[in-house]
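A short write-up of the structure that comes next.
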Amino acid sequence: MGWNTWNAYSWNVTELDVRNAADALVETGFRDAGYEYLVVDDCWMAEELADDGSFRNHPEDFPAGIADLADYVHDRGLKFGIYSSAGTETCAGHEASLGNEQRHAEQFAEWGVDYLKYDNCGDHRDRDAIDRYAAMGEALERVDRDVVYSICEWGNNEPWRWGRNVDGHLWRTTGDILAKWKRSEDDEFGLGVVDIIDEMDERDIAGYHGPNGWNDPDMLQVGNGPDSAQSQSEGFTVDQPFREAEQRTHFSFWCLFAAPLMAGNDLRELDETTREILLNEDAIAIDQDPLGIQGTRDETDGDREVWSKRLDGGECAVILLNRGDEPVDIETSVETVDLHLSDDVGSYAVTDVWNGEEWTTDGSLEATVDSHGVAFFRVGAA
Ligand code: GAL
232 MGWNTWNAYS
242 WNVTELDVRN
252 AADALVETGF
262 RDAGYEYLVV
272 DDCWMAEELA
282 DDGSFRNHPE
292 DFPAGIADLA
302 DYVHDRGLKF
312 GIYSSAGTET
322 CAGHEASLGN
332 EQRHAEQFAE
342 WGVDYLKYDN
352 CGDHRDRDAI
362 DRYAAMGEAL
372 ERVDRDVVYS
382 ICEWGNNEPW
392 RWGRNVDGHL
402 WRTTGDILAK
412 WKRSEDDEFG
422 LGVVDIIDEM
432 DERDIAGYHG
442 PNGWNDPDML
452 QVGNGPDSAQ
462 SQSEGFTVDQ
472 PFREAEQRTH
482 FSFWCLFAAP
492 LMAGNDLREL
502 DETTREILLN
512 EDAIAIDQDP
522 LGIQGTRDET
532 DGDREVWSKR
542 LDGGECAVIL
552 LNRGDEPVDI
562 ETSVETVDLH
572 LSDDVGSYAV
582 TDVWNGEEWT
592 TDGSLEATVD
602 SHGVAFFRVG
612 AA
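Under this note's numbering, the sequence shown is numbered contiguously, ending at residue 613.
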């Protein structure tokens, strides 16, 4: 869990923004809720590497240097992450790591980096993805520091099959997430929340997911919308409001998927709804459940869907999803979902993650669900 600069700052991030974000993560309670890694995305580096191939910090935007910034972040009880690309350039066109992996891994370790997001932009010099990502994985293994290795290859070459073998800890399964429900024909690239939910299902990759090797459906867009910096960047089209129900659906599914929770909201403008969604303890507990299972779909009936995942102790998390434009009643039962309690349990305890209500049932699970919304339950023995 953590927070990354990209969705809120796009390519315009500065060292001061990162310091302010570190302070805000502490003050808002995000750090204490588990959002521990503060990751600086693209554009922290100078446009060109030094003559010996090493990285230099961006002279105007990151004048104090990365070691100094990492210290500032560590002093606030957070971990520090950084970004590069497995190509000649980052997506913003700054020179990146291909061919300089060991030198860069050593710089990261020296600076106190705890997490590397490794993107797929720039020229690949005819090297395939496994080769390029293994080069950095091996380089990170050789340095004297534990660095979480986040493979951002957009799911192009099925990284869930080889991510672990190149020492990766998580790998993006899909293209860039937009702060919207569904992509439109105008979008040059990027995916809406429901598009990513569908791709996670279609790719049938839950079996590759688990502790120390996670499918990553991309960062969170909760709290963002058409005005956020990434939405305004070239190539993205976000013109519709990203509704509250849609944002709750987004967070619920990422928790059901046991996905990495990397927030990307603008911490300078934290509103109550965003805070309430991102800091929901019951949702976070479902995400962080020790079994680390990626939930899957159990039932479809038109716009009504039922999804679930097994939790530690045989309990279960359940999502009732309404894809339609009108509110609907959705009903399922404990027999349909991934519940593994002993046969003599006749009565089940249900907690509604979003409104905190608790009740018991002898088997039926039901709710009236808003358009594009969910009901999100935890189910156990009564
Ligand atoms: C994309 C990546 C985004 C962000 C961006 C920065 O390739 O998927 O998450 O890192 O590059 O330029």
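All C-beta atoms in this analysis are idealised placements derived from N, C-alpha and C, irrespective of residue type, glycine included.
Within 6 Å of the C-beta of C486 there is not a single heavy atom belonging to ligand 1.
Around the beta carbon of F261, 16 or more other beta carbons sit within 10 angstroms, so the residue counts as buried.
Using a Cβ distance threshold of 7 Å, Y268 and G312 count as a contacting pair. W385 and T405 do touch by the CB rule: their CB atoms are close to 7 Å apart, below 8 Å. A heavy atom of ligand 1 is found nearer than 6 Å to the CB of C322. Distances between the C-beta of D273 and the heavy atoms of ligand 1 include at least one below 6 Å. L552 has E536, V605 as its beta-bridge partners, per DSSP. Distances from the alpha-carbon of D254 to those of W538, K310, D282 put K310 closest. When C-alpha distances from T527 are compared across I515, D435, R373, E341, the shortest belongs to D435. Judged by beta-carbon spacing, V374 lies within the 7 Å limit of A340, meaning their Cβ atoms are closer than that value. Secondary structure of S464 (DSSP, three-state): coil. About 24 Å separates the Cβ atoms of G318 and L300, ruling out a contact at the 8 Å cut-off. Separation of E557 and Y266 (C-alpha to C-alpha, rounded to the nearest whole angstrom) is 34 Å. Taking every protein chain shown into account, the CB of E536 has 16 or more other CB atoms within 10 angstroms, so this residue is buried. For V379, the uninterrupted beta strand (DSSP E) segment begins and ends at 379–382.
Its chain contains M276, E278 as the residues whose beta carbon lies nearer than 6 Å to that of H325, once the 5 sequence neighbours on both sides are disregarded; these appear in chain order. In the three-state reduction of the DSSP assignment, A612 falls in the strand class, which pools E and B. Counting C-beta atoms within 10 angstroms of its own C-beta, W590 has fewer than 16 neighbours from the protein chains shown and is therefore classed as exposed. Here the alpha carbons of R554 and D560 stand approximately 12 Å from one another. The Cβ atoms of V453 and T505 sit closer than 7 Å to each other. Approximately 17 Å separates the beta-carbon atoms of N243 and A410; this is outside 8 Å, ruling out the contact. By the Cβ-count criterion, N331 is buried, with 16 or more other Cβ atoms from all chains shown falling within 10 Å of its own Cβ.
R358 and N586 have their alpha carbons spaced roughly 50 Å apart. Contact annotation: R287 and A295 have beta-carbon atoms that are not nearer than 7 Å.
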